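Take a look at the structure set out below.
Residue numbers (our numbering): 41 to 193.
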């Protein structure tokens with residue numbers, strides 16, 4: 041259910057970004073009237089798509105991986121390394137989430153906004169931190185042993 045909701049939100053954000061870009065280009069070249077703040081909104085929407093999609097990507101374990109070495113390792117060794125890689129990835133994402141939160145708080149301290157539309161940046165950056173933190177929690181949950189669907193009891 042969570043994954044479906046995330047996919048729906050990402051789809052809507054991408055559609056809005058597409059319509060905004062087409063409208064801006066047509067307005068700019070046909071009517072010499074671009075959409076005011078289109079670049080800023082597109083940047084914010086792109087950040088939203090990336091960070092809203094991060095938990096969904098984590099749920100599906102679809103992050104980009106490079107298996108130059110692991111492809112040649114025996115299965116038992118890959119089974120040992122996989123949780124360590126997941127734990128390291130969670131650590132890196134946790135550090136990113138923490139730093140995003142710190143930067144969001146700093147920008148909020150001086151009421152930082154976008155240049156032309158004056159959209160407050162702190163809530164956007166702090167939202168990115170929360171979504172990154174959600175991906176960390178999902179990764180940590182993936183470290184837990186899975187319950188068998190056919191377990192007795």
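Think of the CB as a built atom: it goes at the ideal place given N, C-alpha and C, for glycine as much as any other residue.
Just so you know, these numbers come straight off a predicted model, no measurement behind them.
Which same chain residues end up closer than 6 Å to residue 130 when comparing Cβ atoms and leaving out the 5 residues on each side of it in sequence?
Once the five neighbours on either side are set aside, the close Cβ partners of residue 130 are 176, 179, 180.
Let me know if residue 73 comes out buried or exposed under the rule of 16 or more other beta-carbons within 10 Å of its beta-carbon.
Classification of residue 73: exposed, given that the 10 Å Cβ count is below 16.
My assumption, with CB atoms under 8 Å, is that residue 95 sits in contact with residue 174. Please give the rounded CB distance.
Right, the Cβ-Cβ distance comes to about 5 Å (below 8 Å), so this counts as a contact.
Whole runs of the alpha helix (DSSP H) within the region 49-124, excluding any shorter than 4 residues:
For secondary structure counted as the alpha helix (DSSP H) over 4 or more consecutive residues, the region 49-124 holds these complete runs in sequence order: 78-99.
With DSSP collapsed to three states, give me the class of residue 160.
Here DSSP, grouped into helix, strand and coil, assigns residue 160 to strand.
Any idea if residue 121 is buried or exposed, counting beta-carbon neighbours within 10 angstroms, 16 or more meaning buried?
Classified as exposed, residue 121 has fewer than 16 neighbouring CB atoms from the shown chains inside 10 Å of its CB.
Who are the near neighbours of residue 183 in its chain, counting only those whose CB is closer than 7 Å to its CB and skipping five residues on each side?
Here the set comprises 123, 126, 127.
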